[in-house]
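Accompanying notes for the structure given below.
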Amino acid sequence: MSSKDRKTTNSRRGFLKKSSAAVAGLYLSTLGTRRAAGAKLEALALNGGPKSVTIRPDTRWPRFSEEAAADAAKLILRPSYKPNDQFEAMWKARFNCPFARAHCNGTSALGSALFALELPRGSEILVPSYSTWFPLSPARLLGLVPRFVDSDPKTFNIDVNDCKRHLTSKTRAIMPVHMWGLPSEMDHVCEFAREHGLDVIEDASHAHATKLKDTYIGNWGRLAGFSLQGSKPLPSIEGGIGVYKNRGDYERATAFGEYLAPGTFPEDSPYRKYDKTAFGWKLRMHPVSAVLVMHQLKRLDEQNAITAKQVRGVNDRITQLPGLSEPTCRPDMKRTYYWCNALFVDEKKSGMSRDTVVKALAAEGVKATAFEWTLLHTYPYFQEAKWWAHQPADPGELPGANLANATAISIPLWFADQPELVEQTAKAFEKVWAHRDKLGKV
Ligand SMILES: Cc1ncc(COP(=O)(O)O)c(C=O)c1O
């Protein structure tokens, strides 16, 4: 082939490539319009039209296999604590972390981690008010006090920019939470902590096997705690695990919750002499939980992928609709989904109130709800001085957390591959949006 022929062929190939891309683009853009037009032809279920969703989501969770149940039964017939050691070894290998301890739940893992920090009584911990109270109850018993900060309305996670205004002479640590499976911006959190000399403790209870920049969530902070309770992405029935970067933290956290642990520490451990009395509670994992969670750990990636496929299938379509978005996940993050598929409705851009959207979706068969989370600082527990080394401060305005609460809706996650349900759910949103002009005026 001459160079002229080659040029002609190449340019023809280039033309064909470009024109087929243009056709595909046209197809894709008209597909949205056709879908919307098709959706508009159907009356809303709210007005007596057919329901979009007719398939029941398979929300059964946790899903333990027959094999896991058989292994649990074997353990019941020949009781032993060995599964706890096996689970810790499995975790360390899987997540590439040097020290881990199985606990009876996430609360005890996080409480033991706080003990390990050896913070003086009255120390303050920066924690988002949009979070759970679980690690804060043990914090109180250690004389630690939460200092509530705002969250990013686009992620539900700690707003590092707001932390500065809450720093005091007593601030010693920061405890981000990776809400609903989305990693917090741990690079920014750790930088802020370094600048201000704070320890970082991660509440990673919603975010098993998630990552930021190729580092697993839980491995960013000095230490971390995970819940393995039955609703979590990595479930036992009740369980937790603490992970630590250094031996001292591991030994203190472990000795806080396991009276025989100090005797197992190396000869040179300063905590060996505390064997039997140890330091506090008895918080070890039930070994049946260890058996169950090891089976789950083997299929964690597979299950996270099933959930992600479902959410992407729905969200990639519906976030094209005006005024509907999902939490922002940075390209260098790998997230999972816990509790629900949370979305945001911008009432102005969508032309509908959040309540109208929820009502119309519910009629279509999508179990949508306005997704509002009680901010921690509003609970009586955090407003009464008598429980605390000192009164937790009123954080003042938290516009980010309030905006998240004012705009979020939740739809269910399901845990099996159900492509038709993905199609029906997306269609329900498209149908509601196709009627938004009229709905907005109701
Ligand atoms: C964010 C968060 N942290 C900690 C916990 C406590 O975990 P556990 O219930 O295993 O004690 C939970 C439990 O739901 C949680 O959601």
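In the working numbering, each number is its position in the sequence shown, counted from 1, plus 875.
Every residue, glycine too, gets a C-beta built ideally from N, C-alpha and C.
At which residues does the alpha helix (DSSP H) containing residue i begin and terminate?
{"i": "Ser987", "result": "981-991"}
{"i": "Thr1300", "result": "1294-1309"}
{"i": "Ser1164", "result": "1162-1173"}
{"i": "Asn1280", "result": "1274-1282"}
{"i": "Ile951", "result": "941-952"}
{"i": "Ala1153", "result": "No alpha helix (DSSP H) contains Ala1153, which DSSP labels as neither H nor E."}
{"i": "Pro1013", "result": "1011-1016"}
{"i": "Phe1131", "result": "1122-1132"}
{"i": "Glu999", "result": "Run containing Glu999: none in the alpha helix (DSSP H); it sits in the beta strand (DSSP E), 999-1003."}
{"i": "Phe962", "result": "957-970"}
Just the Cα atoms here: how many angstroms apart are residue i and residue j?
{"i": "Lys1313", "j": "Ile930", "result": "27 Å"}
{"i": "Gly900", "j": "Leu1278", "result": "With a pLDDT of only 43 at Gly900, under the threshold of 50, the placement of this residue in the model should not be trusted; the figure read from the coordinates follows. Their Cα atoms are separated by approximately 35 Å."}
{"i": "Lys1323", "j": "Gln1266", "result": "Only positions 876 to 1317 of the chain appear in this structure, which leaves residue 1323 out of reach."}
{"i": "Met876", "j": "Phe1290", "result": "Confidence in Met876 is poor, its pLDDT being 41 and thus under 50, which makes the residue's placement unreliable; the coordinate value appears in the next sentence. Cα to Cα, Met876 sits roughly 56 Å from Phe1290."}
{"i": "Cys972", "j": "Arg1097", "result": "11 Å"}
{"i": "Ala1260", "j": "Val1035", "result": "26 Å"}
{"i": "Gly864", "j": "Trp1308", "result": "Examination of residue 864 is not possible in this model, given that the chain is present from 876 through 1317 alone."}
{"i": "Ile1092", "j": "Lys926", "result": "40 Å"}
{"i": "Ala897", "j": "Arg1122", "result": "Any reading at Ala897 needs caution, since the residue's pLDDT is 47, under 50, leaving its predicted position unreliable; the model's value is listed next. Between Ala897 and Arg1122, the C-alpha separation is close to 59 Å."}
{"i": "Cys1198", "j": "Asp1025", "result": "Strictly speaking, residue 1198 in this sequence is Gly, with Cys absent from that position. So the two alpha carbons sit approximately 23 Å from each other."}
{"i": "Ala1183", "j": "Val1168", "result": "20 Å"}
{"i": "Leu916", "j": "Arg1311", "result": "13 Å"}
{"i": "Asp933", "j": "Ala1180", "result": "16 Å"}
{"i": "Asp1074", "j": "Pro1270", "result": "21 Å"}
{"i": "Ala1165", "j": "Ser1111", "result": "7 Å"}
{"i": "Ala1281", "j": "Asp1221", "result": "10 Å"}
{"i": "Arg1069", "j": "Ile1049", "result": "11 Å"}
{"i": "Ala1130", "j": "Asn1032", "result": "31 Å"}
{"i": "Arg953", "j": "Arg1159", "result": "19 Å"}
{"i": "Tyr1149", "j": "Arg1210", "result": "40 Å"}
{"i": "Met1208", "j": "Lys1088", "result": "6 Å"}
{"i": "Leu950", "j": "Glu942", "result": "13 Å"}
{"i": "Ala1268", "j": "Pro1274", "result": "17 Å"}
{"i": "Val1163", "j": "Ala948", "result": "9 Å"}
{"i": "Phe974", "j": "Phe1154", "result": "19 Å"}
Considering just the uninterrupted stretch of the beta strand (DSSP E) at residue i, what are its terminal residues?
{"i": "Ile1076", "result": "1074-1078"}
{"i": "Leu1098", "result": "1098-1102"}
{"i": "Arg931", "result": "Run containing Arg931: none; DSSP gives neither H nor E here."}
Indicate whether the contact test is met: 3 or more Cβ pairs, each with one atom in the region 1199-1209 and one in the region 1055-1065, closer than 8 Å. yes
At least three beta-carbon pairs within less than 8 Å, the region 1212-1220 to the region 1292-1299: no
List, from N- to C-terminal side, the alpha helix (DSSP H) runs of 4 residues or more that fit wholly inside the region 1024-1060. 1035-1038
Would you be able to state if there are at least three C-beta pairs under 8 Å between the region 1131-1146 and the region 996-1014? no
Could you say if the region 1067-1078 and the region 931-940 meet the contact criterion of at least three C-beta pairs nearer than 8 Å? no
Does the structure place the region 1233-1251 close enough to the region 1301-1315 that three or more beta carbon pairs sit under 8 Å? yes
Any contact between the region 974-988 and the region 1109-1116? By contact I mean 3 or more CB pairs, one from each, below 8 Å. yes
Using a Cβ distance threshold of 8 Å, determine whether the region 989-999 contacts the region 1229-1236, with at least three qualifying pairs required. no
Three-pair Cβ contact test at 8 Å for the region 950-962 versus the region 1162-1178: yes
Please give the ranges of any alpha helix (DSSP H) in the region 1186-1257, keeping only runs that are unbroken, at least 4 residues long and fully inside the region. 1222-1225, 1229-1239
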